[in-house]
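Residue numbering for the sequence shown follows the working numbering, starting at 26 and increasing by one per position.
Idealized CB from N, CA, C, for every residue including glycine.
Model, not experiment: these values are computed from the prediction.
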Amino acid sequence: STPTTVARHEDVGIHRLPRAVTPLRIERTRVDGLDVLMVEGELDMARAPRMISALNEALAEGEDPLVVDLSQVLFMDSTGLALLINARRRALRSKRGFAIVCPGGPISRVFEIADMVESLRVCPDRESARRAATQTARA
26 STPTTVARHE
36 DVGIHRLPRA
46 VTPLRIERTR
56 VDGLDVLMVE
66 GELDMARAPR
76 MISALNEALA
86 EGEDPLVVDL
96 SQVLFMDSTG
106 LALLINARRR
116 ALRSKRGFAI
126 VCPGGPISRV
136 FEIADMVESL
146 RVCPDRESAR
156 RAATQTARA
């Protein structure tokens, strides 16, 4: 089916950090029975409020399994990891599926070091994340 854009969160306004810093973009879509957050840029403490807002909105409004796609994330610190752990916990409480798309590289290394690949259902692509999220929803 065709993706439907639900919401878009972007860093705009005054930038106090050097221009070399990549802003965070988050686009929420619904496709193939999933609520998908496409995240692009850097996910760290400075950008945490934007990610919290997007996750809160998706968890409050949706019923479909939630997939957070980090394929275009260039950097993520422990703040980003903590946000995703909390989102997974909230999804489980509401009996909603949850998975993360993260295709290898330095971002997936964060999940590996924290030993969170299995518990957060970190998957290398959207299709495996869809399967993981829908299995979670049924479990």
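query: Exposed or buried, which one is proline 90 when buried takes at least 16 other CB atoms within 10 Å?
result: The residue labelled residue 90 in the question sits at position 65 within the sequence shown. With 16 or more Cβ atoms within 10 Å of its Cβ, proline 90 is classed as buried.
- prompt: Below 7 Å between beta carbons: does that hold for leucine 106 and arginine 75?
  reply: Numbered from 1 along the sequence shown, position 81 holds the residue referred to as residue 106. Numbered from 1 along the sequence shown, position 50 holds the residue referred to as residue 75. No Cβ-Cβ contact shorter than 7 Å links leucine 106 with arginine 75.
message: Just to confirm, is the Cβ distance from valine 64 to isoleucine 51 under 7 Å?
response: Your numbering for residue 64 matches position 39 in the sequence shown. Your numbering for residue 51 matches position 26 in the sequence shown. Cβ distance < 7 Å, so valine 64 and isoleucine 51 count as in contact.
message: Whole angstroms are fine: how far does the CA of alanine 139 sit from the CA of leucine 62?
response: As a working mapping, residue 62 is identified with position 37 in the sequence shown. As a working mapping, residue 139 is identified with position 114 in the sequence shown. Near 22 Å, if we compare the C-alpha coordinates of alanine 139 and leucine 62.
query: Could you give the distance in angstroms between the alpha-carbon of leucine 117 and the alpha-carbon of threonine 47?
result: Residue mapping note: residue 117 aligns to position 92 of the sequence shown, counting from 1. Residue mapping note: residue 47 aligns to position 22 of the sequence shown, counting from 1. Straight-line Cα distance between these residues: approximately 31 Å.
Secondary structure, beta strand (DSSP E): runs of 3+ residues fully inside the stretch 73-109: Complete beta strand (DSSP E) runs here, min 3: 91-101.
field: For arginine 115, three-class secondary structure by DSSP
entry: Position 90 of the sequence shown, counted from the first residue, corresponds to residue 115. Of the three classes helix, strand and coil, the one that applies to arginine 115 here is helix, per DSSP.
message: Can you check which of these residues, Lys120, Asp94, Glu143, Ser133, is closest to glutamate 152 by C-alpha distance?
response: Within the sequence shown, residue 152 is the residue found at index 127, counting from 1. Considering only alpha carbons, the answer is Asp94.
message: One question on the structure: do methionine 101 and leucine 68 come within less than 7 Å of each other, judged by their Cβ atoms?
response: For the purposes of this step, residue 101 is identified with residue 76 of the sequence shown, where counting begins at 1. For the purposes of this step, residue 68 is identified with residue 43 of the sequence shown, where counting begins at 1. Closer than 7 Å, so yes.
query: Taking the alpha helix (DSSP H) that glutamate 137 falls in, what are its first and last residues?
result: On the sequence shown, position 112 is the one that residue 137 refers to. From DSSP, the alpha helix (DSSP H) with glutamate 137 extends over 131-138.
- prompt: Apart from the five residues just before and just after leucine 108, which ones in its own chain have a Cβ nearer than 7 Å to its Cβ?
  reply: Translated into positions along the sequence shown, residue 108 becomes position 83. Closer than 7 Å at Cβ, skipping near neighbours: Ala73, Met76, Ile77, Leu80.
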